[in-house]
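Enquirer:
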Amino acid sequence: MISQRYRTLFIKLPIGMLILSMFMSCFGEPEFPKEPEIEFSWIENNNPAATQDSVYIAIKFRDGDGDLGLGQMDTMGPYAPYEEDKLPEDTVKNKYHNNYFVTVLKKEEDGIYKPVIYDENQDFNGRFPMLNNSGRERPLEGELRYGILLYYDGTFGSPLLKGDSVKFNIHIADRALNESNEIVSAGIEIGSPKERGDDNNVPPPAQGD
Numbered sequence: 001m002i003s004q005r006y007r008t009l010f011i012k013l014p015i016g017m018l019i020l021s022m023f024m025s026c027f028g029e030p031e032f033p034k035e036p037e038i039e040f041s042w043i044e045n046n047n048p049a050a051t052q053d054s055v056y057i058a059i060k061f062r063d064g065d066g067d068l069g070l071g072q073m074d075t076m077g078p079y080a081p082y083e084e085d086k087l088p089e090d091t092v093k094n095k096y097h098n099n100y101f102v103t104v105l106k107k108e109e110d111g112i113y114k115p116v117i118y119d120e121n122q123d124f125n126g127r128f129p130m131l132n133n134s135g136r137e138r139p140l141e142g143e144l145r146y147g148i149l150l151y152y153d154g155t156f157g158s159p160l161l162k163g164d165s166v167k168f169n170i171h172i173a174d175r176a177l178n179e180s181n182e183i184v185s186a187g188i189e190i191g192s193p194k195e196r197g198d199d200n201n202v203p204p205p206a207q208g209d
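Numbering (full-length UniProt numbering), first residue to last: 1 to 209.
1) Go ahead and pull the three-state DSSP assignment for K95.
2) Within a Cβ cutoff of 7 angstroms, which residues of the same chain sit near Y151, ignoring the five residues on either side of it in sequence?
3) Report buried or exposed for G111, applying the criterion of at least 16 other Cβ atoms within 10 angstroms of its Cβ.
4) Secondary structure at G126, three-state DSSP: helix, strand or coil?
5) On a Cα-Cα basis, can you pick out the residue from I38, G154, H97 that is closest to R62?
6) So which of P36, E35, P33, W42 has the shortest CA-CA distance to F168?
7) Can you look up F101 in the DSSP assignment and give me helix, strand or coil?
8) Measure how close the beta-carbons of N99 and I148 come, nearest whole angstrom, since I'm counting them as under 8 angstroms.
9) Only counting the same chain, and skipping five residues up and downstream in sequence, which positions put a Cβ closer than 6 angstroms to that of residue 296?
10) Return the bridge partner residues of L150 from the DSSP annotation.
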């Protein structure tokens with residue numbers, strides 16, 4: 001058996017569209033746990049328009065049985081948009097309709113990074129596609145690149161302001177709903193372009209440092 005290594009880009013846009021490109025190569029079989037594991041790789045920020053940042057985050061992943069990714073038809077059962085046992089009386093979002101989870105953290109006056117509160121209908125979670133189409137278990141490793149459009153200075157009701165320092169808390173889930181460890185990215189400053197390099201390949205300091 002061989003492992004597959006992927007490099008995947010998918011972009012979270014306000015309308016929920018995902019743009020995907022993929023690179024794959026094969027290597028000898030490693031031994032990974034069946035629960036996904038991730039680590040921070042790099043982050044960059046572009047400022048293509050006033051009050052709008054394009055943030056790209058890369059994480060490295062590995063998974064022992066390769067059950068990563070959701071297909072377009074994965075919209076029922078454990079992957080339904082809403083928790084089916086609460087319908088029709090209530091519509092509670094089902095977390096596992098997505099498999100890539102992002103929380104925006106903003107540095108407060110006390111120096112601690114805390115979650116940014118958005119409208120309940122807005123989040124930055126997304127779905128990455130199936131990474132193993134072989135029909136059998138196999139270890140996977142590679143890199144996921146995620147793009148987010150962040151608005152600020154009141155655009156579309158955003159609570160962020162130019163100059164805010166933010167980081168991103170990230171984790172993923174596999175098809176069996178096993179969740180990975182959580183990681184925190186390096187920081188960016190809203191409204192200020194940032195290229196890869198410098199602190200991007202160094203694990204970020206503990207919150208408050």
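Even glycine gets a Cβ: it sits at the ideal position worked out from N, Cα and C. Since the structure is predicted, the reported quantities are computational estimates derived from the model, not experimental observations.
Expert: Short version:
1) Residue state, collapsed to three classes: helix.
2) These residues qualify, in order along the chain: T51, Q52, S158.
3) Counting other Cβ atoms within 10 Å of its Cβ, G111 stays below 16 and is therefore classed as exposed.
4) For G126, the secondary structure class from DSSP, reduced to helix, strand or coil, is strand.
5) If we check each option's Cα against that of R62, I38 comes out closest.
6) When only C-alpha atoms are compared, the closest one is W42.
7) Residue state, collapsed to three classes: strand.
8) Cβ atoms of N99 and I148 stay farther apart than 8 angstroms, at about 16 angstroms.
9) For the chain, the structure presents residues 1 to 209; residue 296 sits outside this window and is missing.
10) Paired residue(s): D53.
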